[in-house]
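Quick notes on the structure that follows.
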Amino acid sequence: MNVAVNPEVGVPVSGRRRSPVIWVVLGLLFLVILFLSAGACSTYNRMVTLNEKVDEAWANIESQLKRRSDLIPNLVATVKAFAKQEKEVLIGVTRARARLDNAEGVADVAAASSDLSNALARLMVVVEAYPELKSNENFLQLQAQLEGTENRINKARLDYNKIVKDYNTAIKRFPAKIFAAWFGFEPRDFFEATEAERENPDVQELFEE
Numbered sequence: 013m014n015v016a017v018n019p020e021v022g023v024p025v026s027g028r029r030r031s032p033v034i035w036v037v038l039g040l041l042f043l044v045i046l047f048l049s050a051g052a053c054s055t056y057n058r059m060v061t062l063n064e065k066v067d068e069a070w071a072n073i074e075s076q077l078k079r080r081s082d083l084i085p086n087l088v089a090t091v092k093a094f095a096k097q098e099k100e101v102l103i104g105v106t107r108a109r110a111r112l113d114n115a116e117g118v119a120d121v122a123a124a125s126s127d128l129s130n131a132l133a134r135l136m137v138v139v140e141a142y143p144e145l146k147s148n149e150n151f152l153q154l155q156a157q158l159e160g161t162e163n164r165i166n167k168a169r170l171d172y173n174k175i176v177k178d179y180n181t182a183i184k185r186f187p188a189k190i191f192a193a194w195f196g197f198e199p200r201d202f203f204e205a206t207e208a209e210r211e212n213p214d215v216q217e218l219f220e221e
């Protein structure tokens, strides 16, 4: 078998070493790939963490909404014992509760929660006309529990909206936006008060009057 020989130095061509420049280029390419992979993993993990925090914050809202919903039957029964003639207002509260219990999705739950808050506000206005009801021990206990629950709902909503803002901002920034599209991270909805809720008196304010 014939082997090509460099006539100047007498060394076979096939035995030459590769140029050091090639190794440098390969090394730099490896470092770039390693850097991009590390950045991608870090970005993905951050999006996962924020998404999980959004889920946790939403679960807290659902828990507080359920707590308020569970108070409604006793509240309606107590008011009904003193004010049977206020049937329309009581039915309104009951229907609003049912809608909230069956709501799905952030926007639908927010709207249903707003409807229930407004129905409760109307009920509290009616209660003002019944001094015996206002001084009833069971009603006072329900009133205090409902007031505390309204406070917790408001705080949970603020906490949820804050983490949603952080998450939505994170997945819109470059290069996270690219990875978000690859891995299916979508913007999350805010839990916003409706226009009607903003315009009507707060239930807590009615309790304190």
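First residue of the sequence shown: 13, per this note's numbering; consecutive thereafter.
Where a beta carbon is used, it is the ideal one built from N, C-alpha and C, also for glycine.
Asked	Found
Which two residues bound the contiguous alpha helix (DSSP H) that contains Glu162?	149-184
Starting from the C-beta of Glu204, find all residues in its chain whose C-beta is less than 7 Å away, skip the five residues before and the five after it, and write them out in chain order.	Ala122
Would you tell me roughly how many angstroms separate the C-alpha atoms of Arg119 and Met59, rounded to the nearest one?	Rather than Arg, the amino acid found at residue 119 in this sequence is Ala. If I take the Cα positions, the gap works out to 22 Å.
Are the stretch 123-133 and the stretch 147-156 in contact at 8 Å, needing three or more beta carbon pairs?	no
From this set, Ala110, Thr90, Val33, Trp70, which residue's C-alpha is nearest Leu154's C-alpha?	Thr90
Excluding the 5 residues flanking Gln76 on each side, which residues of the same chain have their C-beta closer than 8 Å to its C-beta?	Thr161, Arg164, Ile165, Ala168
Only counting runs of 3 or more residues, tell me where the beta strand (DSSP E) segments fall wholly within the stretch 66-151, in order along the chain.	none
Closest to Met136 by C-alpha separation, out of Ala124, Trp194, Ala115, Glu98, would be which residue?	Glu98
If I'm right that Arg80 touches Gly104 with Cβ under 8 Å, what's the distance once you round it to whole angstroms?	Arg80 to Gly104, Cβ: 16 Å. No contact.
Using the Cα positions of Arg185 and Phe191, report the straight-line distance between them to the nearest angstrom.	10 Å
Using 7 Å as the threshold, is the C-beta distance between Ala182 and Leu102 below it?	no
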